[in-house]
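As structure tokens, then:
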């Protein structure tokens, strides 16, 4: 892999991403367009190959849309996928982007920390789990924070920087610079269940699901009420389809366990997840998705 020589100020020279799913590839793509070299860690060779293909696809899309002045060849030369955490050892920043399972995240984060330089920064893309609790397994919790990107990463302008109890102020300052350097807007929040974005977003989505469950209105009309009446860019039910009903369910269950009955999961959400109707990724959720 050929690494960039002139990396813009504020952008880490090498960024590692643990997890090559939709979010991981999106985060890698954002840093790649900003001038960094990116290395994606996956659990096995098939997953690594899939992540590499997904990253090539979004690179090609960026070149076709002329959102980058670099060629696809030049961008791809700064990418790599691997199944060995040791290959991320040169990274200044590594972002964990595996599924929203606390035990899995702890396993990945501790594995990464063993391979990284003591000067490296480590972050989690968790959308709801406690940064402080994840940090208890780490030897250097002061070098760990939350960097919550939103789906889809290329179209989203927000990144939530989550400050854990042990997070060093210097890391927060660094994170503010990283987010600005990739052309997004940061907000900084204290470690709290659901942070700011998931806590607000999920409670609205759960109430929308209850309204659908109670027959108040159709999914289309509930979403239209928020898009046209409150200027939401996308309705809460369509957004739930985009995020994934299974993801929403997991976050809601976690928030209910921490914040109480106001996050109680509607039966309709559980039924759809049990039936495999997970939203866009399965072709059906609250809406039908042709793509």
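Numbering (our numbering), first residue to last: -11 to 279. Here a beta-carbon is modelled for each residue, glycine too, at the ideal position from N, C-alpha and C.
Counting other Cβ atoms within 10 Å of its Cβ, residue 232 reaches 16 or more and is therefore classed as buried. The three-state reading of DSSP puts residue 233 in helix, counting H, G and I together. With contact defined as three or more Cβ pairs closer than 8 Å, the stretch 179 to 186 and the stretch 243 to 262 are in contact. For residue 143, there is no enclosing alpha helix (DSSP H), as DSSP marks it with neither H nor E.
Comparing alpha carbon positions, the residue from 228, 97, 34 closest to residue 197 is 228. Residue pairing for residue 132: DSSP places it in a beta bridge opposite 110. By the Cβ criterion, the stretch 71 to 85 is in contact with the stretch 9 to 28, since at least three pairs of Cβ atoms, one from each stretch, lie closer than 8 Å. Under the DSSP assignment, residue 0 falls outside any alpha helix (DSSP H); it carries neither an H nor an E label.
Rounded to the nearest whole angstrom, the CA to CA distance from residue 42 to residue 134 is 24 Å.
Three or more beta-carbon pairs drawn from the stretch 138 to 150 and the stretch 160 to 177 are found closer than 8 Å, and the two stretches are therefore classed as touching. The alpha-carbon separation between residue 46 and residue 268 amounts to approximately 18 Å.
Residue 211 places its beta carbon 8 Å or farther from that of residue 230.
Shown here, residue 246 sits in a helix according to DSSP, grouped into three states.
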